[in-house]
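The structure appears right after this line, and notes come after that.
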Amino acid sequence: MNWKSAIEHTLSTTRLNIKRFGDSFPIVSLGDGKYHLTDHTGWTEGFWSGILWLSYEYSKDPEIHAAAIQTVDSFKKRMEAEQELDHHDIGFLYSLSAKARWIVDKDEESRLLALQAADILMKRWRSVPQLFQAWGPEGDHDNGARIIIDCLMNLPLLYWATEQTGDSSYADYAKIHAEKSRRFLVRGDDSSFHTFYFDQLTGNAIRGGTAQGYQDVSTWTRGQAWGVYGFALAYRYFKEPHYLETSIRMARYFWEHLPADHVAYWDFDLPQEDSTPRDSSASAIFVCGLLELLEHLPEDDPQRALFGEAVEKSMDSLLNRYFTAGSPSEEGFLRHGSYSVRGNSSPDDFMIWGDYFFLEALLRLQKGVPGYWYEH
Ligand code: GLY
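Just add 9 to the spot in the sequence shown (first one is 1) and you have my numbering.
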């Protein structure tokens, strides 16, 4: 199947989903092929908005445009109501909704909403340990000075806020956080911790740990993929070679530890058997990270061939073994994602972020549309 046909299939699923979802937002399916719907209480609502913006950018379909605008309106209400904004995933939420609308429509109100979101994220900066606190209230016993690798994808909202306002503090803090993530979350063999704890009072490093991985010291595949993409985006903004080098190292690790069909199991350190759950969303994020990374690798870099092959083989497997290809009874694009196998939460289901990154990968490949992490 070529990229264009695949995009057309996603559009037919999305058109059905607009009717199915109404004002609600899909998160994950629960074993029945149907998305569980919510109303702005989590970290994932932006992905549906992002799918609609990507679908509109490709199709210019006014019905999809109207649905995309409706999601941004509801993100505005969430901001006004200060509903569930006290976590670091403000970046995921508002990059793919308000910032996306600014990028696509040049709508000033959406730009201001995205900047407001960046200000909320800045409130999670903790000045003693010098990091953005991922989860929980300030001073929280376990999470008060805990970073998680996923946050690298929240930082682009701050890079963008500096570009928009000329205020360097957004990117300055983001850079300190990215440096800390590189130093403590990425291990010497290029694998990664999901999370890392610091002492709230002294800032001293304590230990790595996990929330969704197999073990504290194992490598959760989605976390590794967040790192590949997040460090490539840090390189795009800061142009400091060590970010690109880190993205490359993490990408090589990811690629070298995949099973025969080139789609990740949910953790790299599991006993790998046929029955082991996959995380197709990790592979979709990985492909987007590779496509970003490839934009920065010089034309004569010998690693281009390896990463080009990784994109091709990953996408080939996702398209032929995991993609629902417009099947009207299935609400997602990618089967066999996992949210938290460890927590027995949607261990083999549709993930709305897997669908978003799969579509982002297709649009990058077909039209060079890169998603909404930076202006295009
Ligand atoms: N950022 C949360 C997750 O990847 O599950």
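The C-beta atom is built at its ideal place from N, Cα and C for all residues, glycine as well.
Between the ligand GLY and the CB of residue 231, the shortest heavy atom gap is smaller than 6 Å.
When beta bridges are read from the DSSP output, residue 315 appears opposite no residue. For residue 164, the secondary structure class from DSSP, reduced to helix, strand or coil, is coil.
Burial check for residue 148: the Cβ neighbour count within 10 Å stays below 16, so the residue is exposed. The ligand GLY never approaches residue 270 closely enough for any of its heavy atoms to be under 6 Å from the residue's Cβ.
By the neighbour-count criterion, in which a residue is buried when 16 or more other Cβ atoms sit within 10 angstroms of its Cβ, residue 115 is exposed.
DSSP places residue 217 inside the beta strand (DSSP E), whose first and last residues are 214-218.
In terms of Cα proximity to residue 126, the closest of 283, 150, 151, 164 is 164.
Here DSSP, grouped into helix, strand and coil, assigns residue 35 to strand. Residues of the same chain with a CB within less than 8 Å of the CB of residue 167, apart from the 5 flanking positions on each side, are 100, 127, 130, 131, 179, 180, 182, 183 in chain order. Taking non-hydrogen atoms of the ligand GLY into account, the C-beta of residue 159 is found less than 6 Å away from one of them.
With contacts defined as CB atoms closer than 7 Å, residue 123 and residue 59 fail to qualify as a contacting pair. Look at residue 45 here: in three-state DSSP terms it is strand. Around the Cβ of residue 319, a 10 Å sphere holds 16 or more other Cβ atoms; the residue is buried. When secondary structure is reduced to three states using DSSP, residue 354 falls in the strand class.
Residue environment: residue 269 is assigned as exposed (fewer than 16 neighbouring CB atoms within 10 Å of its CB, all protein chains considered). In the three-state scheme derived from DSSP, where H, G and I count as helix and E and B as strand, residue 206 is classed as strand. In the same chain as residue 327, and ignoring 5 residues on each side of it, the C-beta atoms closer than 7 Å to its own belong to 272, 289, 292, 293, 343, 367, in chain order.
In terms of Cα proximity to residue 236, the closest of 212, 201, 266, 227 is 201. No Cβ-Cβ contact shorter than 7 Å links residue 212 with residue 146.
In the DSSP assignment, residue 158 falls outside any beta strand (DSSP E), carrying neither H nor E. At the C-beta level, residue 93 and residue 47 stay beyond 7 Å of one another. Distances from the alpha-carbon of residue 360 to those of 384, 18, 53 put 53 closest. Taking a cut-off of 8 Å for Cβ pairs, the region 293-307 and the region 372-381 touch, as three or more such pairs fall below it. One thing to note: residue 363 has its Cβ within 7 Å of the Cβ of residue 346. Residue 203 is a Cβ neighbour of residue 232, given a cutoff of 7 Å. Distance from the CA of residue 192 to the CA of residue 169, rounded to the nearest whole angstrom, comes to 24 Å. In the structure shown, the three-state DSSP call for residue 367 is helix.
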